[in-house]
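Report on the structure given below.
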Amino acid sequence: MNTKQIVDVTVAGGYSPAVVHLQQGQPAALRFTRTSDQGCLDQVHSADLHFASDLPLNVAQTFDVPTDKAGEFNYSCGMDMFSGTVVVD
Ligand SMILES: [Cu+2]
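So this is what it looks like as structure tokens:
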């Protein structure tokens with residue numbers, strides 16, 4: 302069974318949880334919800350994980366992430382001040 306892993310990340314002055322673990326080879330997505338107007342967290346992007354988007358306040362945004370390769374991958378806010386990590390293992 303390829304049950305999709307969907308992990309919720311709350312965006313409020315940073316990313317919570319800051320580190321997310323995903324199982325290699327299982328379909329996965331991150332679901333971001335920004336709940337604070339603070340800072341420049343209204344955009345999120347990741348070259349590693351191939352997504353870039355605005356994060357409207359209080360609207361969940363879901364991005365599929367690749368899990369074919371094990372490792373640590375990062376994403377960050379629009380100005381690269383805050384970052385989060387996805388560990389595929
Ligand atoms: Cu920022």
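For the sequence shown, counting from 1, position 2 maps to 303 in our numbering; every step adds exactly one. Each residue gets a CB set at the ideal place from its N, CA and C atoms; glycine is no exception. What you are looking at is a predicted structure, and each value in this text was computed from that prediction instead of being measured.
Given Y316, which residues of its chain have a CB within under 6 Å of its CB, disregarding the five upstream and five downstream residues?
Counting from 1 along the sequence shown, the entry for residue 316 is found at position 15. Correct list, in chain order: V310, G385.
Measure the Cβ-Cβ separation of R335 and I307 and say whether it is below 7 Å.
Taking the first residue of the sequence shown as position 1, residue 335 is located at position 34. Taking the first residue of the sequence shown as position 1, residue 307 is located at position 6. Going by C-beta atoms, R335 is not nearer than 7 Å to I307.
Pairwise C-alpha distance: T363 and D343
Against the sequence shown, residue 343 aligns to sequence position 42. Against the sequence shown, residue 363 aligns to sequence position 62. Going by the C-alpha atoms only, they are around 14 Å apart.
For L342, which three-state DSSP category applies?
Taking the first residue of the sequence shown as position 1, residue 342 is located at position 41. Reduced to three states, the DSSP call for L342 is coil.
Excluding the five sequence neighbours on either side, which residues of its own chain have a C-beta within less than 6 Å of the C-beta of V320, listed in chain order?
Within the sequence shown, numbered from 1, the residue matching residue 320 stands at position 19. Result list for V320: T386, in chain order.
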